[in-house]
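Right, one structure below, let's go through it.
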Amino acid sequence: MSKKVIIVGSGNAALCAGIAALEQGAEVLLIEKSTEAQAGGNSRYTAGAMRFAYPSGDFLMPLLSNLDDERISKTDFGTYPKEKFRQDLIDFNDGQPLSLHQKILVNESYETMLWLVNHHIQFEPIYSRQAYEKNGRYVFWGGLTLAAKGEGVGLVEAEMSEFLRLGGQIRYETEAIHLVTTDRKITGVRCQTPAGVIELEADSVVLGCGGFEANPELRRKFMGEQWVKAKVRGTPHNQGKGIEMALEIGAAFHGRPDGCHAVPMDLNMPNYGNLDIPYLERKHYRKICYFLGVMLNAGGRRFVDEGINFRNYTYAQFGRAILDQPGQFAWQIFDQKVEELLYSEYRFWDASFVQANTLEELVEQLEGVDAKAALTTLRKYNAAVDTSKVFDPTILDGKATKGLMLNKTNWANTIDQPPFKAYPVTCGITFTYGGLQVNQAAAVLSNEGVKMEGLYACGELVGGVFYNGYPGGSGLTSGAVFGRLAGYHAAVH
Ligand SMILES: Cc1cc2nc3c(=O)[nH]c(=O)nc-3n(C[C@H](O)[C@H](O)[C@H](O)COP(=O)(O)OP(=O)(O)OC[C@H]3O[C@@H](n4cnc5c(N)ncnc54)[C@H](O)[C@@H]3O)c2cc1C
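When we follow this note's numbering, the leftmost residue of the sequence shown carries the number 466, and every step to the right adds one.
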């Protein structure tokens, strides 16, 4: 008899779990708290970018949906060996070695991309954000090369249609509120529905229902008081319920409780992401081109090395850095030289910014900022730029400032060509890193370190995949890798 598997959530991780369980012949029911229109979780909000290890550009060819794109023959995809992916993760591990979960993520990343392609998910190169044109060629940087066709919306739609094609069932407006156990084994899920509380039976349950980033009370509890003020970039539905339900029945909390992905965002963005806003507008609140300029806080001072590494390796940490500043805001300053390189969101119709023809006039317009101190900072910064080095955004160009208390390590252009523009930013939390502990089969572990019979987890709510930071594009890959594992084992356990 086929196994009955219930999967909680309908984002990338849950759908991958669903597809993998169906492949094993299980009877799969996916339950989603939100309406159908709001379903798909944070995964729907993403750019669909996925990080995976590949030894050479040839390995990308089986993943690409359109090999006829004439740019492909003029592209240097570079390489992203497993060793580099491991190192990128270790660099954010607070000195700890690679965790079991990180090893699984790296080792399974390419195979999982192939598996997705075999399930009709289409991928294309991210020319607009991860490559620059150089000597007539497209040169990729930072180890992140492909995104799902149609970005997050396209990814979730393609995964959902594959899930349904394989015979999966889905119930919307069905919120998991309690895990039912019999003799210490999971036997079902209690759910809140518009018609009241119901109980659904299962041989195994996969939790793929996101972290606690959208829950201010849990942010306060796990991350500290200041996180209550963070804006939420994605779905309002990831309230940490999956983690809470599992902890209630004895699961272990794992990972860094205050670890999270948090990004510089338009100061005037709404408090939550909103799928009702047209897709292009939603995405445009993000402001991550700080590496082309500088960021100033209320005291008129810089507070991070904006060019310490490629943007992929800093953007998820700099949201926290902004939250730590007085007033929880900062201003990003650019001059005309880099205007063309700023991502399209900086030119979007409702982007917040001020503009001036002199730095003196610009700093007067920076609301909440000590203008005199800001001007001094900008002048000192300009004087410290090494003008002998050539600016090159495709590499860590070493074009740095010298002699400042806080130097900028790469891409340090002078800010001296009008018009000058300044964009106010704050912290937008994307997702949380702390969550449940799972083993190599994505089975949830108890406080005693024992596998909890019939309970699996994947995606954002798995703790210990990321600690103090995040190489961009790893979240969806983690969801797919652990989703596939969780679905497989839930179906065959
Ligand atoms: C704006 C934005 C852009 C991003 N861009 C990228 C990117 O390009 N690349 C990348 O790798 N990562 C990106 N991320 C991170 C990425 O979204 C997450 O890592 C990933 O999507 C998480 O997938 P998931 O399936 O675990 O959770 P989700 O996709 O969030 O799905 C969780 C689902 O569970 C549902 N749910 C919650 N509680 C319950 C309950 N009690 N009962 C039933 N259902 C419940 C929710 O409604 C939701 O549908 C981005 C995130 C955001 C917000």
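Beta carbons are placed, not taken as given, at the ideal position from N, Cα and C, and that holds for glycine. Predicted, not measured: the structure shown is a model, and the values here were computed from it.
Cβ-based burial, residue i [other Cβ within 10 Å; buried from 16]
i       : result
Glu-664 : exposed
Lys-867 : exposed
Val-855 : exposed
Pro-520 : exposed
Gly-676 : buried
Leu-561 : In the sequence on display, residue 561 carries Gln and not Leu. Answer is exposed; the Cβ neighbour count stays below 16.
Met-870 : exposed
Ala-502 : exposed
Thr-647 : exposed
Arg-844 : exposed
Ala-660 : exposed
Met-466 : exposed
Glu-576 : exposed
Val-828 : buried
Asn-878 : buried
Lys-837 : exposed
Glu-713 : exposed
Residue i beta carbon near ligand 1 (any heavy atom closer than 7 Å)
i       : result
Lys-694 : no
Ala-704 : It is Gln, not Ala, that sits at residue 704 in the sequence shown. For ligand 1, at least one heavy atom lies less than 7 Å from the Cβ of Gln-704.
Gly-772 : no
Lys-498 : yes
Cys-674 : yes
Met-625 : no
Phe-588 : no
Asn-583 : no
Ser-939 : yes
Met-515 : yes
Gly-914 : no
Gly-476 : yes
Ala-781 : no
Gly-738 : yes
Arg-766 : no
Glu-963 : With the chain covering 466 to 958 only, the question about residue 963 has no answer from this structure.
Val-473 : yes
Thr-897 : no
Gly-928 : no
Ser-564 : no
Glu-829 : no
Glu-640 : yes
Gly-505 : yes
Arg-949 : no
Arg-465 : Residue 465 is absent from the structure shown; the chain starts at 466 and stops at 958.
Ala-479 : yes
Beta-carbon spacing of residue i, residue j below 8 Å
i       : j       : result
Leu-565 : Ala-711 : no
Ser-669 : Val-470 : yes
Phe-550 : Ala-596 : no
Ile-961 : Leu-644 : No statement about residue 961 is possible, as the shown extent of the chain runs from 466 to 958 and does not include it.
Tyr-888 : Trp-796 : yes
Gly-937 : Ala-781 : yes
Ala-906 : Met-917 : no
Leu-840 : Val-803 : no
Glu-616 : Thr-511 : yes
Val-927 : Leu-950 : no
Gly-899 : Arg-721 : yes
Phe-799 : Leu-807 : yes
Leu-683 : Gly-707 : no
Gly-784 : Trp-876 : no
Ala-641 : Cys-656 : yes
Glu-666 : Gly-653 : yes
Thr-874 : Ile-787 : no
His-702 : Gly-506 : yes
Val-930 : Gln-567 : yes
Gly-948 : Ala-482 : yes
Lys-864 : Asp-881 : no
Leu-620 : Gly-513 : yes
Nearest-angstrom Cβ-Cβ length linking residue i and residue j, presumed shorter than 8 Å
i       : j       : result
Thr-942 : Met-515 : 5 Å
Gly-952 : Ile-484 : 7 Å
Val-473 : Val-671 : 7 Å
Ser-911 : Ala-716 : 6 Å
Leu-480 : Met-625 : 6 Å
Any non-hydrogen atom of ligand 2 closer than 7 Å to residue i Cβ
i       : result
Glu-573 : Because ligand 2 does not appear in the structure shown, any question about it cannot be addressed here, the ligands present being ligand 1.
Is the stretch 607-627 touching the stretch 521-538 in the sense that three or more CB pairs, one from each, lie closer than 8 Å? Below 8 Å, enough C-beta pairs join the stretch 521-538 and the stretch 607-627 to call them touching: three or more.
How about the stretch 621-641 and the stretch 485-505: do they share at least three Cβ pairs that are nearer than 8 Å? Put simply, the stretch 621-641 touches the stretch 485-505. At least three CB pairs are less than 8 Å apart.
Contact the stretch 580-587 vs the stretch 538-558: 3+ CB pairs below 8 Å: No: fewer than three Cβ pairs fall under 8 Å.
Between the stretch 690-698 and the stretch 719-733, can you find at least three pairs of beta-carbon atoms closer than 8 Å? These segments touch.
May I ask you to verify whether the stretch 762-777 touches the stretch 808-821, counting CB pairs closer than 8 Å and requiring at least 3? No, because fewer than three Cβ pairs between the stretch 762-777 and the stretch 808-821 fall closer than 8 Å, the two stretches do not touch.
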